[in-house]
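> My structure is below; once you've seen it, I'll send some questions.
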Amino acid sequence: MLIPTGDEGAALVARHHSELAKRFRLTTPPWHILRWAYDKRLTYQLADKLQVSHPWTFYPRSRRELAEANCPFPVILKPAFRNKFNRLTAAKAWRADDRQSLLARYDKACAFVDPQVLIVQEVIPGWGEAQFSYAAICQDGRSLASLVARRLRQFPMDFGRASTCVQTVDEPAVIEPSVRMLEAMKFTGIVEIEFKHDTRDGLHKLLDINPRVWGWHSLGGRAGVDFSYLLWLQACGAAVSESRPQIGVRWVRASTDLRTVPLEILRGRLSLGEYARSLRGPRESAIFSPDDPLPGLLELPLLAYLLGRRVFRGGKIA
21 MLIPTGDEGA
31 ALVARHHSEL
41 AKRFRLTTPP
51 WHILRWAYDK
61 RLTYQLADKL
71 QVSHPWTFYP
81 RSRRELAEAN
91 CPFPVILKPA
101 FRNKFNRLTA
111 AKAWRADDRQ
121 SLLARYDKAC
131 AFVDPQVLIV
141 QEVIPGWGEA
151 QFSYAAICQD
161 GRSLASLVAR
171 RLRQFPMDFG
181 RASTCVQTVD
191 EPAVIEPSVR
201 MLEAMKFTGI
211 VEIEFKHDTR
221 DGLHKLLDIN
231 PRVWGWHSLG
241 GRAGVDFSYL
251 LWLQACGAAV
261 SESRPQIGVR
271 WVRASTDLRT
281 VPLEILRGRL
291 SLGEYARSLR
301 GPRESAIFSP
311 DDPLPGLLEL
321 PLLAYLLGRR
331 VFRGGKIA
């Protein structure tokens, strides 16, 4: 059974789907389906066709065209997909607050990726708490089991490479567009669709589609939608029963959350009371488990090292 954990792995499996299916149980759809999630240019093209809201997006064909573009600053510069690791893909996106910084960022980005895959996109105000995800197991575009989650915190807080605290919520505004996107794609497998709530117009706007497992997928088991087990059932050809998630269940990864929290408190974006309340109620740990404590115990020295490095660097989180 093959379960990709990154975009590159998912694309590899999808492109060689027929050959790999002869030897493995696959959890990834073939390339003609997956490409609509893998390549953000196609993702937003489909969103436009289905009238699903997404941030203002521009695809510069040249530096000159970018210099003449009427961009609603601040914006981010990001690749349409990630097929290799470099400074740009590691950061996910680079922010630019004016035309001069955007062109400088563009010049640097062209050294790492093909200029034709670069995307310029407006920055929607807000931090991790404005981001929502629709997560599901699908069969031919039909959601068999799903939940909606909200990021309470992420690391880094601006363009989070990873969620650090996530909570299941009831947010119908992200369900309907997600269902339409998945139906149009005829998607089969596990998927996470990310949105960001734009307080300027009240819309939840599509950011990304992750056609593979993601960091906080284990939250589903605690909330009553056990994605790992359901994905195994689907891969084995067994029936996947419809599941209703418990609302208010949280997932926390201490090693990154405790790197985020101190700075957020110092910046006035988080209080000690808010932090304490975010840890109440049903909670799933990303690493620690009573029946398998070793990974959690090994994370403790890692956390001490990361916090110590931050102190020695004068409070800067690397």
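Numbering-wise, our numbering puts 190 at position 170 of the sequence shown, and it's gapless, one number per residue.
Where a beta carbon is used, it is the ideal one built from N, C-alpha and C, also for glycine.
Model, not experiment: these values are computed from the prediction.
(1) What are the uninterrupted segments assigned as beta strand (DSSP E) that are 3 or more residues long and contained completely in the segment 246 to 302, given in chain order?
(2) Does the Cβ of T219 have 16 or more other Cβ atoms within 10 Å, making it buried, or fewer, making it exposed?
(3) Which residue marks the beginning of the alpha helix (DSSP H) containing R107, and which one marks its end?
(4) Looking at C-alpha atoms only, which residue of H37, Q151 and V211 is the closest neighbour of A193?
(5) Would you call L314 buried or exposed, if buried means 16 or more other Cβ atoms sit within 10 Å of its Cβ?
(6) Mapping DSSP to helix, strand and coil, what is P313?
(7) Excluding five sequence neighbours on each side, which residues of the same chain lie with their C-beta closer than 6 angstroms to the C-beta of S153?
(8) Here's the rule I'm using: 16 or more other beta-carbon atoms within 10 Å means buried, otherwise exposed. How should P99 be labelled?
(9) On a Cα-Cα basis, can you pick out the residue from K42, V281 and S38 that is closest to Q174?
(10) According to DSSP, simplified to helix, strand and coil, what is T63?
(11) Is there contact between the segment 73 to 88 and the segment 102 to 109, where contact requires at least three CB pairs shorter than 8 angstroms?
(12) In the DSSP output, what is E415 paired with across the bridge?
(13) Would you mind giving the Cβ-Cβ distance between V269 and T188, rounded to the nearest angstrom? I have them listed as a contact below 8 angstroms.
(14) From this set, R297, I307, D117 and T48, which residue's C-alpha is nearest C91's C-alpha?
(15) Which word fits A129, buried or exposed, when buried means at least 16 other C-beta atoms lie within 10 angstroms of its C-beta?
(16) Whose C-alpha, out of G222, Q136, P145 and E85, is nearest the C-alpha of L123?
(17) At 3 residues or longer, and completely inside the segment 133 to 188: list those beta strand (DSSP E) runs for me, N to C.
(18) Could you compute how far the alpha carbon of L227 sits from the alpha carbon of S198?
(19) So, are the CB atoms of L97 and Y64 less than 8 angstroms apart?
(20) Checking 8 angstroms against the spacing of the C-beta atoms, do C185 and L167 come in under that value?
(21) Sort out for me which residues DSSP pairs W114 with in a bridge.
(22) In angstroms, rounded to a whole number, what distance separates the CA positions of G244 and A89?
(23) So, for Y58: in the same chain, excluding its five sequence neighbours on each side, which residues have a beta-carbon less than 8 angstroms away from its beta-carbon?
(24) If the criterion is Cβ atoms closer than 8 angstroms, does the pair Q141 and V95 meet it?
(25) Measure the alpha-carbon distance for R45 versus M21 and round it to whole angstroms.
(26) Determine the DSSP secondary structure at A34, reduced to helix, strand or coil.
(27) Can you tell me where the alpha helix (DSSP H) holding K128 begins and where it ends?
(28) Here's the rule I'm using: 16 or more other beta-carbon atoms within 10 Å means buried, otherwise exposed. How should C256 be labelled?
(29) Might you give, ordered along the chain, the residues of its own chain that have their beta carbon closer than 7 angstroms to the beta carbon of R273, omitting 5 neighbours on each side?
(30) Roughly how many whole angstroms lie between the Cα atoms of P24 and G288?
(31) How many Å lie between P252 and S121 at the Cα?
(32) Let's see if you can read the secondary structure: which residues bound the alpha helix (DSSP H) around I195?
Answer, in terms of the structure:
(1) 270 to 272
(2) exposed
(3) R107 to A111
(4) Q151
(5) exposed
(6) coil
(7) A169, E212 and E214
(8) buried
(9) V281
(10) helix
(11) no
(12) Lying outside 21 to 338, the shown extent of the chain, residue 415 is not represented and no answer is given.
(13) 5 angstroms
(14) D117
(15) buried
(16) E85
(17) 138 to 142, 151 to 159 and 162 to 175
(18) 11 angstroms
(19) no
(20) no
(21) L97
(22) 47 angstroms
(23) D27, A30, A31, A34, F101 and P231
(24) yes
(25) 4 angstroms
(26) helix
(27) R119 to A129
(28) exposed
(29) T184, A306 and I307
(30) 38 angstroms
(31) Here residue 252 turns out to be Trp, not Pro, going by the sequence shown. Going by the C-alpha atoms only, they are around 47 angstroms apart.
(32) P192 to M205
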